[in-house]
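Numbering (this note's numbering), first residue to last: 60 to 195.
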């Protein structure tokens, strides 16, 4: 074998050795990082999560939830006080169907049918009925 061939083989062997050493170093580093991440996650779970759970438990113990149960009753009362619409039906206020005077708002649980007949008309023909006017 000639000298340049021996030098070339030595160069290849040296390159292979260096690449192998590089891969071993990377493998060692990755294993170390993996172990550290495992330790970190255990530490995180054991300390921080436990501390947060304890803090929330203490906070829950400090707050008297019984004092807030009456707020549901207040909200139910508040919902009744807001007006809402009711449309006339053939069973209830049939004389008002299609009338422009129909108001149909409930205030405090009481229905205001219209200004002329606040409680509605008794039969199906109201003397004050006027067709709705649609504006475009």
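Built from N, CA and C at the ideal position, the CB exists for glycine as well.
Would you list the one or two residues that DSSP bridges to residue i?
| i | result |
| --- | --- |
| residue 144 | 164 |
| residue 158 | 190 |
| residue 171 | 164 |
Please classify residue i as buried or exposed, where buried requires at least 16 other C-beta atoms within 10 Å of its C-beta.
| i | result |
| --- | --- |
| residue 63 | exposed |
| residue 114 | exposed |
| residue 161 | buried |
Assuming residue i contacts residue j under a Cβ cut-off of 8 angstroms, what Cβ separation, rounded to an integer in Å, is found between them?
| i | j | result |
| --- | --- | --- |
| residue 189 | residue 158 | 6 angstroms |
| residue 145 | residue 163 | 5 angstroms |
| residue 165 | residue 142 | 6 angstroms |
Does the distance from the CB of residue i to the CB of residue j come in under 7 angstroms?
| i | j | result |
| --- | --- | --- |
| residue 183 | residue 147 | no |
| residue 175 | residue 187 | yes |
Checklist entry - Which ranges does the alpha helix (DSSP H) cover as unbroken runs of at least 4 residues, wholly within the segment 93 to 123, from first to last along the chain? => result 109 to 121
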